[in-house]
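First comes the structure, then the notes that go with it.
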Amino acid sequence: MTEQTLTATEKAETTTVERVGGRPQDHGDSINIQEKVTRTVFLFSAFIALSAAIGNFDNNYGGTVLLMGPFNTAFGHCAEVPDPSGSLVMMCRLSALQQSLTSLTSLFTAVGSALSSVTGTYIGRRGTIQFGAFLVLIGAAGMLGTSSNYLNYMVCKCIGGTGLGFLYSGTIVYGVECMPPHKRGMLLGLFSIGLGAGSALAAGVCAGSAGIQSNWAWKTPIACQIPLSIALAAGIMLFPESPRWLLIKNKENTARIALGRFSHQEPNSHSVDTQVREMQTYLEFEKVMASTTSWMEMFHKTNIRRTLISAFLLMIPALAGTFFIIPYTAVFLGGLGISNPFLITAIINLCIFAGSLFAGFTAEYFGRRLSLLLGLSIMGASMLIFSAVSSGLGTQAKVTQNVLVAFLCIWCFVFASCASPAIWVASAEMHSVRLRTHGQALSLFMNSIFAFGAQFWTPYMINPEYGNMGTNVGYFYFGLLFVILIIAILFVPETGRLKLEQIDDYFASGVPAWKTSLKRNKEIAEQNILDVSTEEHDSKQVQLEDE
77 MTEQTLTATE KAETTTVERV GGRPQDHGDS INIQEKVTRT VFLFSAFIAL SAAIGNFDNN
137 YGGTVLLMGP FNTAFGHCAE VPDPSGSLVM MCRLSALQQS LTSLTSLFTA VGSALSSVTG
197 TYIGRRGTIQ FGAFLVLIGA AGMLGTSSNY LNYMVCKCIG GTGLGFLYSG TIVYGVECMP
257 PHKRGMLLGL FSIGLGAGSA LAAGVCAGSA GIQSNWAWKT PIACQIPLSI ALAAGIMLFP
317 ESPRWLLIKN KENTARIALG RFSHQEPNSH SVDTQVREMQ TYLEFEKVMA STTSWMEMFH
377 KTNIRRTLIS AFLLMIPALA GTFFIIPYTA VFLGGLGISN PFLITAIINL CIFAGSLFAG
437 FTAEYFGRRL SLLLGLSIMG ASMLIFSAVS SGLGTQAKVT QNVLVAFLCI WCFVFASCAS
497 PAIWVASAEM HSVRLRTHGQ ALSLFMNSIF AFGAQFWTPY MINPEYGNMG TNVGYFYFGL
557 LFVILIIAIL FVPETGRLKL EQIDDYFASG VPAWKTSLKR NKEIAEQNIL DVSTEEHDSK
617 QVQLEDE
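Just so you know, the sequence shown maps onto residues 77 to 623 in my numbering.
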């Protein structure tokens, strides 16, 4: 046994923990201690939701303004075209390429997500969020100063997009690490509520400003980002840094204070002491089991499964049609000849917000896995139905248009209430404590890359001069959703109700994803047991001894 292993074992023994089957086993009072859901934790969840709202606000208005006349006049190509009476009128419009270039924001969101692993490691979760909010503010202020140069507009929008990458990565990791395990799904469901609120707010602001004939039609939603960013950057200072990050940095006293503030207990209380000892034990265990402390550990045999599952989860929104429906609904409906596209877009986004109100409930009481599978099934069916009706009756039929709007609303409600909370919460839960910053940054990087692809190809798919798919786009996304559903059934485990350290135990056990359930997780959480057989314990013990 190496000196490093001896040191870690000695530390484990001083905290009344021993190794069984190559993993830590608690002895003592930690089994029955549950962190409280305090006012501080609830308010903290609200600020996590604010970060999500800022992100989806940007995603939504960025596509909606493409249909606004003043925006097309400011940045599009103008030419004289005949109106229905035969008279020549000046018409300004953006090219399909210009519309697709808005997707560059997602590439810079990917850059921000990747860089957040660096800031998250060195300046913490709070610092990462504040830096992201600052970039969003700078980007919004810059866009307000542009009125005729599309390049300048896109440069500023990409600066803001980089900030969104820091926000998405920083806030979800911060939230997962600070929430009580038995209510983590419920409280982080507020993140999905924030996503829904951001979409609804952006759609409402755009619907209200669309009638303005000046540049303030498209500048108004941009201006809304400034006070939101300031509120987030300032408000996050009300809360302590992540206790787990502080322990990684060997700041035990500060970590105790942080835990005490979240749980409204004294830093040296029995409950806080037990939580600190348990976190330290698992951190030491990870160090013993790891062959390196590099971020490259994400791709080692012991972590690659966790890394791939998390990345897959955050690729789902782009592949499922989110970046078709949220940014481009107004453009899509307008191209089909549906009247009042801005109003209908606002209604559809209200369905997202309404669905997000149930996000915490479904993630906590249905579980991550069941919520995801149920959501994907209904979303795929919705895409298939509105495309099939359109194929049978034609896109101009009133019935077709009503069915289209109805199933877009159903898709949005189900996505926000079932799939979205499961995706965001579970993706962050998949990583080990020590690699969560790097792992979630990689997952969000992949999310942004696929979002870029979805936002880039969508204008070409629905543009009459190029793909001209119209409502057939539903068949495309139905096919993707079917494949995603099969992969999720096979590989995405249930992580609800488990402590982050118990999730580490699950991945060490080798139990297949389809054998996990919320019911079993409740038993594990209550009894502090591991869901593996004795044979698996023995084989892991032999493997460790051989090493």
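Beta carbons: idealized from backbone N, C-alpha and C, even for Gly.
{"Asked": "Excluding the 5 residues preceding and the 5 following residue 391 in the sequence, name in chain order all residues of the same chain whose CB lies nearer than 8 Å to its CB.", "Found": "522, 523, 526"}
{"Asked": "Taking only three categories from DSSP, how would you classify residue 260?", "Found": "helix"}
{"Asked": "With three or more beta-carbon pairs closer than 8 Å as the criterion, would you say the region 551 to 564 touches the region 195 to 209?", "Found": "no"}
{"Asked": "Taking all protein chains shown into account, decide if residue 603 is buried (16 or more other Cβ within 10 angstroms of its Cβ) or exposed.", "Found": "exposed"}
{"Asked": "Check the DSSP bridge columns for residue 169 and list the partner residues they point to.", "Found": "153"}
{"Asked": "Which residue marks the beginning of the alpha helix (DSSP H) containing residue 533, and which one marks its end?", "Found": "512 to 538"}
{"Asked": "Let's test the definition: count the other Cβ atoms within 10 Å of the Cβ of residue 156 and tell me whether it reaches 16, buried, or not, exposed.", "Found": "exposed"}
{"Asked": "With a floor of 4 residues, list each alpha helix (DSSP H) that falls wholly inside the region 529 to 600, ordered by position along the chain.", "Found": "549 to 567, 576 to 585"}
{"Asked": "By alpha-carbon positions, which one of 150, 170, 227, 302 ends up nearest to residue 131?", "Found": "302"}
{"Asked": "Would you please state the rounded distance, in angstroms, between the beta carbons of residue 305 and residue 172? I believe it to be under 8 Å.", "Found": "No, residue 305 and residue 172 are not in contact; Cβ-Cβ is about 31 Å, not under 8 Å."}
{"Asked": "Give a yes or no on whether the C-beta atoms belonging to residue 514 and residue 245 are separated by under 7 Å.", "Found": "no"}
{"Asked": "Say whether the region 534 to 550 touches the region 407 to 421, bearing in mind that this needs 3 or more beta-carbon pairs closer than 8 Å, one atom from each stretch.", "Found": "yes"}
{"Asked": "Is the beta carbon of residue 572 sitting closer than 7 Å to the one on residue 261?", "Found": "yes"}
{"Asked": "Just list the residues that DSSP pairs residue 158 with in beta bridges.", "Found": "164"}
{"Asked": "When you compare each of 179, 427, 318, 286 to residue 248 by their alpha carbons, which one comes out closest?", "Found": "318"}
{"Asked": "Between which two residues does the alpha helix (DSSP H) containing residue 294 stretch?", "Found": "292 to 311"}
{"Asked": "Would you report the Cα separation of residue 122 and residue 458, rounded to the nearest angstrom?", "Found": "31 Å"}
{"Asked": "With residue 494 as the anchor, note down where its alpha helix (DSSP H) starts and where it stops.", "Found": "It is not in any alpha helix (DSSP H) - residue 494 carries neither H nor E in the DSSP assignment."}
{"Asked": "Taking the straight line between their C-alpha atoms, what separation do you get for residue 505 and residue 326?", "Found": "22 Å"}
{"Asked": "Residue 144 to residue 178, Cα distance in whole Å?", "Found": "15 Å"}
{"Asked": "Enumerate in chain order the residues of its own chain whose CB-to-CB distance from residue 315 is below 6 Å, with the five nearest sequence positions on each side excluded.", "Found": "120"}
{"Asked": "Hey, residue 509 and residue 320 are a contact pair by Cβ (cut 8 Å); roughly how many whole angstroms apart?", "Found": "6 Å"}
{"Asked": "Can you list, in chain order, the residues of its chain with a C-beta nearer than 7 Å to that of residue 453? Leave out the 5 residues immediately preceding and following it.", "Found": "561"}
{"Asked": "Quick one: using the 10 Å Cβ neighbour count with 16 as the cut-off for buried, is residue 569 buried or exposed?", "Found": "buried"}
{"Asked": "For residue 339, report the span of its alpha helix (DSSP H) as first-last.", "Found": "328 to 339"}
{"Asked": "Helix, strand or coil for residue 499 per DSSP?", "Found": "helix"}
{"Asked": "What is the DSSP secondary structure of residue 393, counted as helix, strand or coil?", "Found": "helix"}
{"Asked": "Is there contact between the region 230 to 240 and the region 180 to 189, where contact requires at least three CB pairs shorter than 8 Å?", "Found": "yes"}
{"Asked": "Reducing DSSP to helix, strand and coil, say where residue 176 ends up.", "Found": "helix"}
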